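To keep things clear, I will list the structure first and then write my remarks on it.
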Amino acid sequence: MNQVTQLQARTDQPSRILVVDDDMAARLMARQALQRDGAEVVEAENGRQALELFEASKFDLVLLDVVMPDLDGFECCEALRALPGGAHVPILMMTGLDDVDSINRAYEVGATEFVTKPINYLLLGYRARYMLRSANTAIELRDSEARLVRAQHVAKLGHWEFDFDSRIFMCSPLCESLFEIESGVRLKSASQMLSQIHPEDRKRVAKLFRALFKDHRPFQGDYRVVMDDERVRYVQHEAMASRDASTGSIMINGVVQDVTQRRLAEEQAHQLTFFDSVTGLANRKGLSQRLERSLGQVTRMSPHIAVLAVDVDNFRRINDPLGHSVGDEVIRELARRLSDSLNNENIDFTATITEPFREATLARTGGDEFAVVLTGLSSPDGAAQVARRIRRLVAQPITISDAQLSLTASVGIAVYPLDGEDADTLMRQADAALNHAKGSGRDRYQFVSTEINQRAVERLSLESNLSQALELDQFAVYYQPKVASLSGELVGVEALVRWRHPDLGGVAPDIFIPIAEESGLIHPLGEWILNEACRTAAGWVAAGSKPIPVAVNLSATQFVAQHLDRQVREALSDSGLSPELLELELTESVLMQDVEYAASVLEQLRDTGISLYIDDFGTGYSSLSYLKQFPITALKIDRSFVREMHVNSDDAEIVSAVIALSHSLGMSVVAEGVELEEQCEMLATQQCDVLQGYYFSAPLSADEFVSWRAEYEAKNARPRRLLQRLI
């Protein structure tokens, strides 16, 4: 590379150099030296002329004499730096002054280099070349930094660094803006950044920062930042520690990026992909995704999942004459009704605790079509219950634009695993069942399975018969004895309802009780059972029998009914039965649905003077801390644990634990489902207080119980072989 190219500017044009000196000979010598290297030289004989030339044109380098009349070199240099384009141009000051103060002043006013006269003009070209090259490098660096700043601004990228030695925390402008740190303020820690992080994310991010600062462990994470105006920004953050090889000091560097727009775009894309724009519900794709997830979470206790395809019958009668805007309003209203019902919104406590499913997902899958996925079903019957509810909700009149609309719905039901084991198959089968329901006359529901359909038809028949059973006096209360485990003494009975239908025969309680709960018949039926049990027990006392308590089961809906305590008082008053002879049994799951409400109702019931039992203990999820607060007299061990306790060590341990727990809480304990002498022996040995089950007697009618009791007490009937061993 020759000297000419070495004194070219970055534009490949000759460098333009301004030589400022009041000495013409010095200017001439400098011109000749610089022109030999290919530079374009412009001369100025004083400082003011130099400023005028600089303002009028662009220069790559300025050679400036210090001692000049009117405006000396120091003043001219300072003025040049203040002109547009003068901040970064290299300035070489030339002077005969070589004292330290002059040199210091030259640098203070902005000189790049300082040379003393006499000037070695042979070396001047080399010095100029060096200064131009350094200036070009500085320009490139500034341009690169500017491009980086622009790129970071476009990418919303900021950075920060922390020096362990100085304990100074430095932030870039975007980082300051993102975390609302006052510009230019030097922080001592990352606490300001952490204070802006969303409360739900703060603990997780603080843990990452602690690991970074304490163990120098790098991290990468996403979180939310809450601005002072409560706007939420989404941030991606990476940080790592490094050690300076020369000083050994540790620096921590972090990069933060505001990804709010990208996150919102992703959420919008997700919304458009998986959700319906009219109702906000999941669409068919979103429903399929959730169904696949649910299929991977099936449990042994809740082995069934149901897919319900719902079609609004003859919806074109609304869309065609009234227009799509009205049709959309109708669809939104139906979506609201179904969503509120399935998600227990605006529903009373009764509905909450009698749902046949654990979770429901509602979707809009077409113009006039919805779909529901029910998880946590113990049996397919729960899907039929929901289908009937959907039909009732759709059938309720809708008033839009002063017009009252009446609609019906058809429902197709597919059940996992009977009708399919993957999402596509189940949804396809539900659609097929829906088409069958529509082809059969609409306004009905249809299972895929013929067997389940038959059960559904039978259930409808039972529901119809059940509504008349109370009026036709088809119910009866049966009584099962309860016996003291050690003495064998009869200590009480449990009242159990039975339905004797003239054509169907005996209908099991686990079949008709759920139907009664769903239909609302449980309220009059439960009240009748309570009154009948109290009347019968009072009659036994009046007949001269030794008083024994009668236990009556309360359903979930009865427990949450208003004025339950008044109903109990009236039953006692009307029958004349003493309060201490009435026991009410409730399951622990009922009590745990709303602990505060349950505690309030239990206190009201206790004030009547009756006793309170927790039935089927061990099958729910009661908390010991809450159990201590309830005014409970006794716990009843569920029959599922008693049934195999003599052959299953786990069941035996559970029974033993419940007995110990009951006694530690000052409660007595009852074991139900006792059928074998071996079970009696084990329970008595473990100090279970009361036994109940077929080992002693099946449930008996009131008359049969009177006869059984007379015979039992006459013979002092008790598990004699057991007692003989224990005594």
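Take the sequence shown: its letters are residues 1 to 727, numbered as in this note's numbering. Backbone N, C-alpha and C define an ideal beta-carbon position, used for all residues, glycine too. The structure displayed is predicted, hence computed values, not measured ones.
Once the 5 residues before and after residue i are set aside, which same chain residues still bring their CB inside 7 Å of it?
i	result
ALA111	CYS77, ILE91, MET93
ALA599	GLN629, PHE630
LEU338	LEU362, PHE370, ILE390, LEU393
ASP651	PHE641, GLU644, MET645
Short check: CB of residue i to CB of residue j, under 8 Å?
i	j	result
ILE614	LYS636	yes
LEU249	PHE164	The residue you asked about is not Leu; residue 249 is Ser in the sequence shown. Yes. Within cutoff.
HIS436	GLN429	no
LEU490	ALA684	no
PHE179	PHE169	no
LEU627	VAL601	no
VAL330	VAL373	no
LEU194	ARG202	yes
GLU43	VAL19	yes
TRP499	ALA456	no
TYR234	ASP222	yes
PHE559	GLU588	no
LYS117	THR95	yes
ASN46	ASP70	yes
ALA432	ASP313	no
THR365	SER294	no
ASP689	VAL669	yes
ASP368	PHE315	yes
VAL89	VAL62	yes
GLY693	GLU672	yes
In terms of residue numbering, what span does the beta strand (DSSP E) encompassing residue i cover?
i	result
ILE305	304 to 312
ARG16	16 to 20
SER410	409 to 416
ASP258	250 to 258
ASP222	219 to 226
GLN474	It is not in any beta strand (DSSP E) - GLN474 carries neither H nor E in the DSSP assignment.
GLY376	369 to 377
ILE103	Segment 100 to 108 is the alpha helix (DSSP H) holding ILE103; no beta strand (DSSP E) there.
MET240	232 to 243
Report, in whole angstroms, the separation of the C-beta atoms of residue i and residue j, which I expect to be a contact under 8 Å.
i	j	result
SER701	TRP708	Actually they do not touch by this definition, with Cβ atoms about 10 Å apart.
ILE17	ASP65	ILE17 to ASP65, Cβ: 14 Å. No contact.
SER467	LEU521	6 Å
SER537	VAL550	The question names Ser, but residue 537 in the sequence shown is Ala. The pair is a contact, with the Cβ atoms about 4 Å apart (cut-off 8 Å).
VAL706	LEU691	Not confirmed; about 21 Å, so no contact.
MET730	GLN687	In this structure the chain extends from 1 to 727, so residue 730 is not present and cannot be described.
ILE252	ALA265	Incorrect: roughly 31 Å between the Cβ atoms, too far for contact.
VAL448	ALA414	5 Å
PRO699	LEU434	With 8 Å as the limit, PRO699 and LEU434 do not qualify as a contact, their Cβ atoms being about 43 Å apart.
SER144	HIS159	Not a contact, Cβ separation roughly 15 Å.
THR608	VAL568	5 Å
LEU612	LEU584	6 Å
ASN310	VAL225	Strictly speaking, residue 310 in this sequence is Val, with Asn absent from that position. Not really, about 42 Å apart at Cβ, beyond 8 Å.
LEU676	TYR695	6 Å
PHE74	ALA25	Going by Cβ atoms, the distance from PHE74 to ALA25 rounds to 22 Å, so no, they are not a contact pair.
The alpha helix (DSSP H) that contains residue i, what's its start and end?
i	result
PRO173	173 to 178
GLY441	Premise fails: GLY441 is in no alpha helix (DSSP H) and is neither H nor E.
PRO199	199 to 215
PHE162	Element bounds for PHE162: not the alpha helix (DSSP H) but the beta strand (DSSP E), 157 to 163.
PRO321	316 to 322
TYR694	First-last for TYR694: undefined, no H or E at that position.
THR95	Element bounds for THR95: not the alpha helix (DSSP H) but the beta strand (DSSP E), 91 to 95.
Once you ignore the five residues that flank residue i on each side, which residues in its own chain have a CB closer than 6 Å to its CB?
i	result
TYR121	MET29, ALA33
LEU157	GLN257
ARG606	PRO631
VAL205	ILE197, TYR223
GLN404	PRO397
ARG750	Nothing can be reported for residue 750, as the shown portion of the chain is limited to 1 through 727.
THR260	ARG233, TYR234
ARG535	SER575
Closer than 7 Å to a non-hydrogen atom of the ligand FAD - does that hold for the CB of residue i?
i	result
ARG364	As presented, the structure is devoid of all ligands, the ligand FAD included, so that no description of it is given.
Please go through the same chain and pick out, in chain order, the residues whose beta-carbon is closer than 8 Å to the beta-carbon of residue i, but skip the five residues on each side of it.
i	result
HIS663	VAL669, GLN687
ARG142	HIS88
If we cut at 8 Å on Cβ distances, does residue i have a partner in chain B?
i	result
ASN46	No chain B is part of this structure, which consists of one protein chain only.
Three or more C-beta pairs below 8 Å linking the segment 276 to 285 and the segment 358 to 376:
In short, these stretches touch, since the Cβ pair count reaches three.
Three-pair Cβ contact test at 8 Å for the segment 189 to 204 versus the segment 282 to 298:
Look at the beta carbons and you see the segment 189 to 204 not touching the segment 282 to 298: under three pairs across the two are nearer than 8 Å.
Any contact of the segment 524 to 540 with the segment 570 to 586, i.e. 3+ C-beta pairs under 8 Å?
Between the segment 524 to 540 and the segment 570 to 586, the count of Cβ pairs shorter than 8 Å is three or higher; the stretches touch.
Touching by the beta-carbon criterion (3+ pairs, under 8 Å), the segment 457 to 464 and the segment 420 to 429
These segments do not touch.
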